[in-house]
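S.K.: I'd like to ask some things about the structure below.
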Amino acid sequence: GGMPSSTSLRDCVVLENMVRKQVEEGRLYAAICAAPAVTLGAWAVAVESRVQEDGQTVMSRGAGTAIEYALVLVEKLYGKEKVDEVVGPLNGL
1 GGMPSSTSLR
11 DCVVLENMVR
21 KQVEEGRLYA
31 AICAAPAVTL
41 GAWAVAVESR
51 VQEDGQTVMS
61 RGAGTAIEYA
71 LVLVEKLYGK
81 EKVDEVVGPL
91 NGL
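Residue numbers for the sequence shown follow UniProt numbering, beginning at 1 and rising by one.
Structure follows, in structure tokens:
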């Protein structure tokens, strides 16, 4: 992750084709840190926010939003009950 790795990801045709296929099929894809801006932005499939959820797209800014990001992914993949189960132990931190 980070830079310059996000630039390398942006230039990877195989990855771009995989992400575009996910988009076309309405399937989940996600990115965090520099990747949403550098990679997905260049492919015109990015949106901006702390944690952005748009259909099957989930993106986030980086380490400061990683827990929020992870919980959105857990909910999309496993449902709200699983989020509640995961959040329970975190409340004691």
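Beta carbons are placed, not taken as given, at the ideal position from N, Cα and C, and that holds for glycine. Every value quoted in this text rests on a predicted model; they were computed, and no experiment measured them.
How would you write the range of the alpha helix (DSSP H) that M18 sits in, first residue to last?
M.R.: V13 to E24
S.K.: Secondary structure at A31, three-state DSSP: helix, strand or coil?
M.R.: In the displayed model, A31 falls within a strand according to three-state DSSP.
S.K.: Could you tell me the boundaries of the beta strand (DSSP E) in which residue 117 lies?
M.R.: One cannot answer for residue 117 here, as it falls past the ends of the chain, which runs 1 to 93.
S.K.: Quick one: what's V51 bridged to in DSSP?
M.R.: S60
S.K.: Tell me whether G92 sits in a helix, a strand or coil according to DSSP, three-state version.
M.R.: coil
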